[in-house]
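Numbering (the working numbering), first residue to last: 33 to 615.
If you want it as structure tokens, here you go:
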């Protein structure tokens, strides 16, 4: 630790000086600045709050507010130091302009400012990206917003990546976190890099010397001796499991992460994804969690005399705080508070163990797009009507009992195995059937019937078994199409007893009707059985050919030809009968 523990201000810290520049020019000396607050932090837009005394009740004017200096969109720069030796602590634009006035109290103008990257935070977007690294996607988004960049390359190339209904800012932060990176806005430059741990401490803070206020905590719940990311591998039909690597992270104190992890004893912490991810993606995910966990071992804040050169990502060295809190710490945020009398800087160190989507639910769009409270998850419905869609959109009417047990319900589209222009599969449930509903965008006014369900009240037409040999379709009137994997057969059957059986087990095709007539096609030949007459008719010729042909009649056999008749043989011909009549 450096021996000199004074804050290395460029001049004695007894008289802070402050300059505010708008569009490159210092504001008029007529404006009396009440105070300034500047905030910089990882994964947060840099911001500034400027308070200026304003308002004259006698003349009923607000000079500062009425000027062109502080309207939204103006470029603003804040410079602070001591005795005129100053450094820039913020550059950005005015985004909000407000007045505060109360009886018997000073009125003032409140000017809120953000880094130029604020344009990334407004408006949800949905975009496809192809064959790109996360860092390349970030570069593309930032350059489209007119920002400078300082982005360290990531490793994984995504064949496809989707930004769905998210602001550019939230998308960039979540993808950075997935790689163990941090996002910082620095005066119009978007910085995306992993936190450093090997640099020298830029400032030594010692309790009793230069620390004005201090608060820190060690939380064993945020420490894990192992992190494992898990996803389903569809090609191998197994889980892919990847272990996170131990990061080279710094944190103050003499308690190791493994010491603290043993308190809870969870090993490993599992990060589970229901979809399919490449092993390299899983590795980056697990590594990122280990990085956050390592830098979250000790978190806190230290208030010191105002100091401008420091930035999030720098290291500080804590001293005079005992074995549990002495040592290097990562600066994750800064807050400068400046008024006419004093300037103090609050340094936040350590990282939050939570990622953005865990800490801020606004990252994902509101259910129902914010138009109404959303219907989350799947719901049970009962069919009330199959026809009469008022919009002619092939919908059916479904009642959701939890919404209104006695109501007719709402019109819902029906998901199908195949659907297109005058083609597709067409299966509709029956009235009062139980169906499962989902909602587009979680909007309860946009339901879709995803499927139908059986129960003990409405049992399935087949009995389930683990061997699962039979699949099929059975209609309301018991028309059946049954597939049997054990018998390797397909049966089509009507309730009256008409059927077609394609049977690989017996090597036959059998057609039966409800009168017990039967046609069998098998390896031995074709058999036609009729319980009544058998009539063959054709508008053309009827030909019967085979090695041998036999016709037998129990009573009478007739062969007639209207135009002629011929009976011939290449060999002997035999005509026999008790009486043989020729002509």
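We treat Cβ as the ideally placed atom computed from N, Cα and C, and that holds for glycine. As the structure is a prediction and not an experimental result, all values here were calculated from the model.
**Asked** Does the segment 410–426 come close enough to the segment 461–469 that 3 or more CB-CB pairs lie under 8 angstroms?
**Response** Below 8 angstroms, enough C-beta pairs join the segment 461–469 and the segment 410–426 to call them touching: three or more.
**Item:** Ranges of the alpha helix (DSSP H) found wholly within the segment 425–455, counting only runs of at least 4
**Value:** You should have found no qualifying run.
**Neighbourhood of residue 219 by C-beta distance below 6 angstroms, restricted to the same chain and skipping five residues each side** = Here the set comprises 123.
**Prompt:** Under three-state DSSP, which class holds residue 485?
**Reply:** Here residue 485 sits in coil by DSSP.
**Asked** Do the segment 225–239 and the segment 338–350 touch if we need at least three Cβ pairs shorter than 8 angstroms?
**Response** Using a C-beta cut-off of 8 angstroms, the segment 225–239 makes contact with the segment 338–350, since at least three inter-stretch Cβ pairs fall below that distance.
**Asked** Can you tell me where the alpha helix (DSSP H) with residue 203 in it begins and where it stops?
**Response** Run containing residue 203: 200–210, per the alpha helix (DSSP H) assignment.
**Request:** Specify, as a first and last residue, the run of the beta strand (DSSP E) that residue 417 falls within.
**Result:** Segment 411–417, the beta strand (DSSP E) holding residue 417.
**Asked** Can you tell me where the beta strand (DSSP E) with residue 359 in it begins and where it stops?
**Response** Counting along the chain, the beta strand (DSSP E) containing residue 359 begins and ends at 359–370.
**Request:** Please confirm if the segment 348–357 is in contact with the segment 234–247, defined as three or more CB-CB distances below 8 angstroms between the two stretches.
**Result:** Verdict: yes, contact present.
**Request:** Please state whether DSSP places residue 138 in a helix, a strand or coil.
**Result:** The answer is coil: DSSP assigns residue 138 none of H, G, I, E or B.
**Item:** Residue of 261, 387, 425, 394 minimising C-alpha distance to residue 311
**Value:** Checked all of 261, 387, 425, 394; the closest Cα to residue 311 is 261.
**Asked** Given that a residue counts as buried once 16 or more other Cβ atoms are within 10 Å of its Cβ, and exposed if not, what is residue 34?
**Response** In this prediction, residue 34 has a pLDDT of 45, which is less than 50 and means its spatial position is unreliable; nothing more can be read from the coordinates.
**Item:** Inside the segment 116–186 only - beta strand (DSSP E) runs reaching at least 3 residues
**Value:** Those beta strand (DSSP E) runs which fall completely within the segment 116–186 and span 3+ residues are 117–132, 140–146, 157–165, 180–183.
**Request:** Determine which residues share a DSSP beta bridge with residue 408 and list them.
**Result:** The beta-bridge partner set that DSSP reports for residue 408 is empty.
**Request:** Could you name the residues of the same chain whose beta carbon sits closer than 6 angstroms to that of residue 544, not counting the 5 residues immediately before and after it, in chain order?
**Result:** Sequence-distant partners of residue 544 (beyond 5 residues in either direction) whose C-beta falls short of 6 angstroms from its own C-beta, in its chain, are 531, 550.
**Request:** Inspect the beta-carbon positions of residue 82 and residue 368 and report whether they are closer than 7 angstroms.
**Result:** Not a contact, by the Cβ cut-off of 7 angstroms.
**Asked** Hey, which unbroken runs of the beta strand (DSSP E) at 3 residues or more fall wholly within the segment 44–130?
**Response** As far as the segment 44–130 is concerned, its whole beta strand (DSSP E) runs of at least 3 residues are 48–54, 64–73, 76–85, 107–114.
**Request:** Compute the beta-carbon to beta-carbon distance between residue 250 and residue 329, rounded to the nearest angstrom, for a pair I have assumed lies under 8 angstroms.
**Result:** 7 angstroms between Cβ atoms; contact.
**Message:** Taking the straight line between their C-alpha atoms, what separation do you get for residue 354 and residue 41?
**Reply:** It is roughly 26 angstroms from the alpha-carbon of residue 354 to the alpha-carbon of residue 41.
**Asked** Where residue 439 and residue 422 are concerned, what is the direct C-alpha to C-alpha distance, given to the nearest angstrom?
**Response** Their Cα atoms are separated by approximately 17 angstroms.
**Message:** Report the start-end ranges of each beta strand (DSSP E) in the segment 269–321 that is 3 residues or longer and not cut off at the edges.
**Reply:** As far as the segment 269–321 is concerned, its whole beta strand (DSSP E) runs of at least 3 residues are 270–275, 301–305.
**Asked** With a Cβ-Cβ cutoff of 7 angstroms, do residue 474 and residue 400 count as a contact?
**Response** Yes; because the gap between Cβ atoms is below 7 angstroms, this pair is in contact.
**Request:** Give the single residue among 57, 575, 147, 157 whose Cα lies nearest to the Cα of residue 395.
**Result:** The residue from 57, 575, 147, 157 with its alpha-carbon nearest to that of residue 395 is 157.
**Item:** Closest residue to residue 196 among 139, 95, 397, 49 (Cα-Cα distance)
**Value:** Among 139, 95, 397, 49, the Cα nearest to that of residue 196 is on 397.
**As assigned by DSSP and simplified to three states, the class of residue 378** = In this structure, residue 378 counts as strand in the three-state DSSP scheme.
**Request:** Can you tell me which of 141, 248, 590, 102 puts its alpha carbon nearest to the alpha carbon of residue 361?
**Result:** Per the Cα distances, 248.
**Asked** Do residue 378 and residue 335 have their C-beta atoms within less than 7 angstroms of each other?
**Response** Yes, they are a contact pair.
**Message:** Tell me the DSSP secondary structure of residue 244 in three-state form.
**Reply:** Assignment of residue 244 by DSSP, reduced to helix, strand and coil, places it in the coil class.
**Asked** Opposite residue 503 in the DSSP bridges: which residues?
**Response** 515, per the DSSP bridge assignment.
**Message:** Assuming contact is defined by CB atoms lying nearer than 7 angstroms, are residue 65 and residue 102 in contact in what I supplied?
**Reply:** Result no, Cβ atoms of residue 65 and residue 102 do not sit closer than 7 angstroms.
**Reduced DSSP category for residue 331 - H, G, I as helix; E, B as strand; rest coil** = Correct three-state label for residue 331: strand.
**Asked** Sorted by chain position, which residues of the same chain lie with C-beta nearer than 7 angstroms to residue 63's C-beta, five sequence neighbours on each side aside?
**Response** Within the same chain, residue 63 has close Cβ partners 84, 96.
**Request:** Would you identify the three-state DSSP class for residue 567, choosing helix, strand or coil?
**Result:** Judged by DSSP in its simplified three-state form, residue 567 adopts coil rather than helix or strand.
**Message:** Strictly by DSSP, which residues pair up with residue 535?
**Reply:** Answer is 521, 540.
**Message:** For residue 589, report the span of its alpha helix (DSSP H) as first-last.
**Reply:** Premise fails: residue 589 is in no alpha helix (DSSP H) and is neither H nor E.
**Request:** Check whether the segment 300–320 touches the segment 271–280, counting contact only when three or more Cβ pairs, one atom from each stretch, lie closer than 8 angstroms.
**Result:** Because the criterion of three Cβ pairs below 8 angstroms is met, the segment 300–320 and the segment 271–280 touch.
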